[in-house]
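Participant: A single structure is presented below for examination.
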Amino acid sequence: GQQLNQSPQSMFIQEGEDVSMNCTSSSIFNTWLWYKQDPGEGPVLLIALYKAGELTSNGRLTAQFGITRKDSFLNISASIPSDVGIYFCAGRSAGSSNTGKLIFGQGTTLQVKP
Amino acid sequence: EAGVAQSPRYKIIEKRQSVAFWCNPISGHATLYWYQQILGQGPKLLIQFQNNGVVDDSQLPKDRFSAERLKGVDSTLKIQPAKLEDSAVYLCASSLRPQEGSTFGSGTRLTVV
Chain X
1 GQQLNQSPQS
11 MFIQEGEDVS
21 MNCTSSSIFN
31 TWLWYKQDPG
41 EGPVLLIALY
51 KAGELTSNGR
61 LTAQFGITRK
71 DSFLNISASI
81 PSDVGIYFCA
91 GRSAGSSNTG
101 KLIFGQGTTL
111 QVKP
Chain Z
115 EAGVAQSPRY
125 KIIEKRQSVA
135 FWCNPISGHA
145 TLYWYQQILG
155 QGPKLLIQFQ
165 NNGVVDDSQL
175 PKDRFSAERL
185 KGVDSTLKIQ
195 PAKLEDSAVY
205 LCASSLRPQE
215 GSTFGSGTRL
225 TVV
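Given below as structure tokens:
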């Protein structure tokens, strides 16, 4: 089946540093979503991208829909301790646009040192 | 608005027993999803409902898993009989339309011993 490769698997950074993570697919996607999951909770939607090349910000978070439609990137600027969590990318392939079926990456675990 | 409600939060059962999870989506959300999240992995879609009809259940192990959405609102997911590898968090999510990002519940953590 379809798979998303998300990297890095984990990151341990100093407070105030910028963070970058990405997600790649072997097939073309029409939608990219980025979620954050805290322990014991469900994922929370951060940013949704619907067009190739689209660049969208949500506060200190910026995500981009890759031009090839096979990748997406998430950047977090000036990290703070509450950014700690697991970040998931999720994509919706061209064939599933009508049904909305999402495929999730394996997640990037972010730890921030105060 | 109220979020997606799930119960129970935790469940421990022995293998070969049965278990059921309940989900109440956000009011007005026509699309409802059940995901399985194994520790260290991303959520995997089990079944998707549009109102009370099944849109996608291609990854649902139908020999042991079943799900229904009563009157297009609440939904239940059942496992019978459970196996050790069913230990996971079961997440329910809903959205107004299939193309939009979903709102997730807090999940039910199932441990099969």
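Residue numbers (this note's numbering), protein chains in the order written: chain X, 1 to 114; chain Z, 115 to 227.
Every residue, glycine too, gets a C-beta built ideally from N, C-alpha and C.
Since residue 126 of chain Z is in the beta strand (DSSP E), which residue starts that stretch and which ends it?
Facilitator: From DSSP, the beta strand (DSSP E) with residue 126 of chain Z extends over 124 to 127.
Participant: Taking C-beta pairs closer than 8 Å, name the residues in chain X that residue 219 of chain Z reaches, listed in chain order.
Facilitator: Chain X residues near residue 219 of chain Z: 42.
Participant: If we ignore side chains and look at the alpha-carbon of each, how far apart do residue 206 of chain Z and residue 84 of chain X end up?
Facilitator: Distance between the alpha carbons of residue 206 of chain Z and residue 84 of chain X: 23 Å.
Participant: Just how far apart, CA to CA, sit residue 114 of chain X and residue 61 of chain X?
Facilitator: The alpha-carbon atoms of residue 114 of chain X and residue 61 of chain X are separated by roughly 19 Å.
Participant: Since residue 49 of chain X and residue 72 of chain X should fall inside the 8 Å C-beta cutoff, what is the C-beta to C-beta distance between them, to a whole number of angstroms?
Facilitator: Their Cβ separation, rounded to whole angstroms, is 6 Å, which keeps residue 49 of chain X and residue 72 of chain X in contact under 8 Å.
Participant: Okay, do the stretch 131 to 141 of chain Z and the stretch 27 to 47 of chain X touch, 3+ Cβ pairs below 8 Å being the bar?
Facilitator: Cβ pair count under 8 Å is below three, so no.
Participant: Got a sec? Which residues, its chain only, sit under 7 Å from residue 201 of chain Z by beta carbon, not counting five neighbours each side?
Facilitator: Closer than 7 Å at Cβ, skipping near neighbours: 224, 225 and 226.
Participant: Please confirm if the stretch 118 to 131 of chain Z is in contact with the stretch 174 to 184 of chain Z, defined as three or more CB-CB distances below 8 Å between the two stretches.
Facilitator: No, they do not touch.
Participant: Using a Cβ-Cβ cut-off of 6 Å (strictly less than) and excluding sequence neighbours within five positions of residue 75 of chain X, which residues of its own chain qualify?
Facilitator: The residues are 20 and 62.
Participant: Identify whether residue 94 of chain X lies in helix, strand or coil by the three-state DSSP scheme.
Facilitator: Residue 94 of chain X: helix per DSSP, three-state reduction.
Participant: Please list, in chain order, all residues of the same chain as residue 12 of chain X whose beta carbon is under 6 Å from its beta carbon, the five residues on each side excluded.
Facilitator: Result list for residue 12 of chain X: 111, in chain order.
Participant: Is DSSP giving residue 159 of chain Z helix, strand or coil here?
Facilitator: Strand at residue 159 of chain Z.
Participant: Identify, in the order they occur along the chain, each residue of the same chain with its Cβ nearer than 8 Å to the Cβ of residue 117 of chain Z, setting aside the five sequence neighbours on each side.
Facilitator: Same-chain partners within the cutoff: 140, 217 and 219.
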